[in-house]
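Notes to accompany the following structure.
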Amino acid sequence: MKIQKPRGTRDFLPEEMAKRKYVENNLRDVAERWGYGEIKTPTFENIELFTLKSGDGILGEIYNFRDKGDREIALRPELTAPVVRMYVEELQKSAKPLKFYYFDNCFRYERPQKGRFREFFQFGIEIIGSDRPEADAEVIALAVEMLRSVGVSGDLHVGHLGIMRTLFKDILPEHQSKIMRLVDKKDDKGLEEFLEEINAPDEMRGRLFRLIGLRGINAVQEARELVGDSVDMDRFEALLDLLDVYGLEYRVDLGIARGLDYYTGMVFEIYCEGLGAQNQVCGGGSYRLAKLFGGEDTPSTGYALGFDRIMEVCEAAPEEKTRVVVVCFDDTRKEGIVIANKLREHAVVYIDVMGRKFKEQMKYANTIGASHVVIAGKDELEAEKVALKDMKTGEQEVMGVDDVIAKLNIT
RNA sequence: GCCUGGGUAGGGUAGCUGGUUAUCCUAUGGGACUGUGGAUCCCACGACUCGGGUUCGAAUCCCGACCCGGGCCCCA
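Read the first sequence against the numbering used here and you will find it ends at 1687, with the numbers running on by one and no gaps.
Dropping the structure here:
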């Protein structure tokens, strides 16, 4: 029986890897230019790192195992928690803000479907140490810029959890989180029923429903009327102001709840067409996790891009490289290798390793789409030259290897 | 975990109202061609996802598992 890759995993062949690498490099480049430094955390962590903030309920979605030292280990299901762990463990006293980016694989035990795999890739950034609107705005602008750099445009939705939370500060925390979940799902009916069930005050109910329905430019003003003035309101307004400075198009959506418990302030999501049910390519917000992991309370903001989903929708592709095939004969194979090596300093060079005859080598050059063939035959070599053939035009010319290099660099 | 569609050589397919050696295209390796590619011809390679059941006989019908696609749940 043939061995197959595990469910929800993928192999990436050279052609696709070239494209993925290209997109990855573009994202990296943007992150670097904005002053973010790359970090790498372990592929697996102690499982508490992930259960601490989300409870045991998430165990069903985590790849976990007990190692030989009887430690409970989890393959990382996301990267925000590891980054904060790293910060708490070794960077708490560093100059703020800390700005990191990462690109790595994550694992979740879920039913695979379009844009969702059990091993998937996230490209994300975190900025640690600032709770100011400037940090929030920079993060959002960076997300949009990254997507733009690979030719992806999406709908940006921006919200703020602090505003909604002021509405039900008197409600039990577990009820709050259930409400957030329902809000995030846009399940108005379920929300109505739940509010009924926990006997929420009528007055609060009405305000909540009006709040999560708020959209567009007047949303802030209306929200202010609904929940009153607060630091969060001011910050949110300042944030929107800054988003205008960045020249971003966005939609205020106070109904974003992100389904997660740890976000505390600004939250945002970016959606794309053409991805079916999994249309979110980016999600993030500001949070306070450091304290939970045993550090000082520290504000942070970040997001993760769904790299695989970006690959689904992005058209960007690397330029085709110039390929050159060195063709030789049985009596010139060694000379061919030397010439190929010299040319490799300037181009992508192939040389026969199949023991093929001259004609077959030409054929191979054609199949791989070589732009040029360098023929190293006895006659040419005796004159210290080779023949350069242009595969498009069919023209051929005898010249020295240095001339070949010069010629290839021009075209 | 649930609902739904599907699984035949590396890729794409025919067969699927059960019945010889499972069809064709393409790709790949080799040859016709010994210093000039894309064409043609020939040869080779290579598949019924797995397991059980029904049957004299299963790629074909039934059940289960696995995997893929779409949707739900979930999405830290």
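For glycine and all other residues, C-beta sits at the position ideal for the given N, C-alpha and C.
Checklist entry - How should D1584 be labelled, buried or exposed, when 16 other C-beta atoms within 10 angstroms of its C-beta is the threshold for buried? => result Taking the first sequence and counting its residues from 1, one reaches residue 1584 at position 308. It counts as buried.
Item to check | Where the beta strand (DSSP E) through T1356 begins and ends | outcome: For this step, residue 1356 is matched to residue 80 along the first sequence. No beta strand (DSSP E) holds T1356; the alpha helix (DSSP H) holding it covers 1356 to 1366.
Next on the checklist: Once DSSP output is grouped into helix, strand and coil, what is the label at L1664?
Outcome noted: If you number the first sequence from 1, residue 1664 lands on position 388. L1664 falls in the strand class under three-state DSSP.
Item to check | Buried versus exposed call for F1450 [16 or more other C-beta atoms within 10 Å across all chains shown] | outcome: Looking up residue 1450 in the first sequence gives position 174. Residue 1450 is actually Glu in this sequence, not Phe. Label assigned to E1450: exposed.
Next on the checklist: Would G1430 and I1532 qualify as a contact pair, given that the criterion is a beta-carbon distance under 7 Å?
Outcome noted: On the first sequence, position 154 is the one that residue 1430 refers to. On the first sequence, position 256 is the one that residue 1532 refers to. Cβ atoms of G1430 and I1532: not closer than 7 Å.
Checklist entry - In its own chain, which residues sit with a C-beta less than 7 Å from the C-beta of L1502, not counting the 5 before and 5 after it? => result If you number the first sequence from 1, residue 1502 lands on position 226. Within the same chain, L1502 has close Cβ partners R1483, R1486, L1487.
Next on the checklist: So the candidates are R1304, D1655, S1562, L1657; which of them puts its Cα closest to the Cα of L1423?
Outcome noted: What you label residue 1423 is simply residue 147 of the first sequence in a count that begins at 1. Minimum Cα distance to L1423 is reached at R1304.
Next on the checklist: On the DSSP bridge list, what partners appear for E1542?
Outcome noted: Here residue 1542 refers to the residue found at position 266 of the first sequence. The residue you asked about is not Glu; residue 1542 is Met in the sequence shown. Looking at the DSSP assignment, M1542 forms a beta bridge with H1436.
Next on the checklist: Within 10 Å of its beta-carbon, does P1353 have 16 or more other beta-carbons around it, so buried, or fewer, so exposed?
Outcome noted: One-based indexing of the first sequence puts residue 1353 at position 77. Buried.
Checklist entry - Taking Cβ to Cβ, would you say V1528 is nearer than 7 Å to E1513? => result Locating residue 1528 in the first sequence gives position 252, counting from the first residue. Locating residue 1513 in the first sequence gives position 237, counting from the first residue. No.
Item to check | Cβ neighbour criterion (16 or more within 10 Å) applied to N1475 | outcome: Your numbering for residue 1475 matches position 199 in the first sequence. N1475 should be labelled exposed.
Checklist entry - Going along the chain, which unbroken runs of the beta strand (DSSP E) with 3 or more residues stay wholly within the segment 1520 to 1599? => result 1539 to 1547, 1556 to 1563, 1576 to 1582
Checklist entry - Are there 16 or more other CB atoms within 10 angstroms of the CB of V1299, so buried, or fewer, so exposed? => result As a first step, residue 1299 must be located in the first sequence, where it is residue number 23. Classification of V1299: buried, given that the 10 Å Cβ count is 16 or more.
Checklist entry - Which residue comes first and which comes last in the beta strand (DSSP E) that contains I1627? => result As a position in the first sequence, residue 1627 is number 351, starting the count at 1. Segment 1624 to 1627, the beta strand (DSSP E) holding I1627.
Next on the checklist: Contact between the segment 1647 to 1655 and the segment 1596 to 1603 is defined here as three or more beta-carbon pairs at a separation below 8 Å; is this criterion met?
Outcome noted: yes
Item to check | Span of the beta strand (DSSP E) around Y1377 | outcome: Walking along the first sequence from the start, residue 1377 turns up at place 101. From DSSP, the beta strand (DSSP E) with Y1377 extends over 1374 to 1383.
Checklist entry - Should the segment 1438 to 1455 be called in touch with the segment 1613 to 1621, which here means at least 3 C-beta pairs below 8 Å? => result no
Checklist entry - Nearest to R1309 by CA position, among R1599, Y1640, S1425, is which residue? => result Translated into the one-based positions of the first sequence, residue 1309 becomes position 33. Measuring from the Cα of R1309, the nearest candidate turns out to be S1425.
Item to check | Close beta carbons around T1442, own chain, < 8 Å, minus the five adjacent residues each side | outcome: Translated into the one-based positions of the first sequence, residue 1442 becomes position 166. Taken in chain order, the residues that qualify are V1503, G1504, S1506, D1508.
Next on the checklist: Helix, strand or coil for A1476? Go by DSSP, reduced to three states.
Outcome noted: By 1-based counting over the first sequence, the position of residue 1476 is 200. Correct three-state label for A1476: coil.
Next on the checklist: Please report the distance separating the alpha-carbon of F1379 from that of I1455.
Outcome noted: Along the first sequence, one-based indexing puts residue 1379 at 103. Along the first sequence, one-based indexing puts residue 1455 at 179. Spanning the two alpha carbons is a distance of roughly 33 Å.
Next on the checklist: Out of F1399, V1589, K1639, E1395, which one is the CA nearest neighbour of G1550?
Outcome noted: As a working mapping, residue 1550 is identified with position 274 in the first sequence. Nearest of F1399, V1589, K1639, E1395 to G1550, Cα basis: V1589.
Next on the checklist: Can you give me the C-alpha to C-alpha distance between E1348 and N1322, rounded to a whole angstrom?
Outcome noted: Along the first sequence, read from residue 1 onward, the residue named residue 1348 stands at position 72. Along the first sequence, read from residue 1 onward, the residue named residue 1322 stands at position 46. Computed Cα separation, rounded: 6 Å.
Next on the checklist: Among A1419, L1568, F1444, whose alpha-carbon lies nearest the alpha-carbon of K1329?
Outcome noted: One-based indexing of the first sequence puts residue 1329 at position 53. Nearest option by C-alpha distance: L1568.
Checklist entry - For E1673, which option in L1664, L1432, D1679 has the closest C-alpha, if you only look at C-alpha atoms? => result Translated into positions along the first sequence, residue 1673 becomes position 397. Here the closest residue by C-alpha is L1664.
Checklist entry - Does the Cβ of F1341 have 16 or more other Cβ atoms within 10 Å, making it buried, or fewer, making it exposed? => result The count along the first sequence starts at 1 and reaches residue 1341 at position 65. Flag for F1341 reads exposed.
Checklist entry - Is the Cβ-Cβ distance between T1643 and A1623 less than 7 Å? => result Numbered from its first residue, the first sequence carries residue 1643 at position 367. Numbered from its first residue, the first sequence carries residue 1623 at position 347. For T1643 and A1623, no; Cβs fall outside 7 Å.
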